[in-house]
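These notes concern the structure reproduced below.
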Amino acid sequence: MNKSKITWLILSSFGIMFAILSWLQESISQINFLLDGPKKGVWAFFLGLFLYKYLAKKA
Numbered sequence: 018m019n020k021s022k023i024t025w026l027i028l029s030s031f032g033i034m035f036a037i038l039s040w041l042q043e044s045i046s047q048i049n050f051l052l053d054g055p056k057k058g059v060w061a062f063f064l065g066l067f068l069y070k071y072l073a074k075k076a
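FYI, the numbering for the sequence shown is 18 to 76, going by our numbering.
Shown next as structure tokens:
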């Protein structure tokens with residue numbers, strides 16, 4: 018797999034996880050303390066890497 022495809026898949030995984038976390042933040046008010054400020058971006062980064070490692074890397 019070339020570097021541009023890997024970069025695209027990692028950025029896509031980050032975007033997907035950021036969108037999911039934003040949706041969760043809007044729908045479940047009890048988790049706002051976990052996703053306030055830059056915490057949501059940090060969570061999205063690590064969950065995006067997890068998503069890439071276990072799903073996108075196999076493609």
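Idealized CB from N, CA, C, for every residue including glycine.
Note that this is a predicted model, so its numbers are computed, not measured.
- Per the C-alpha coordinates, the member of L72, Y71, A73 and L64 positioned closest to M34 is L64.
- A buried status is given to A61, since no fewer than 16 other beta-carbon atoms sit within 10 Å of its beta-carbon.
- Counting other Cβ atoms within 10 Å of its Cβ, L38 reaches 16 or more and is therefore classed as buried.
- As the crow flies, the alpha-carbon of K22 is around 36 Å from that of S46.
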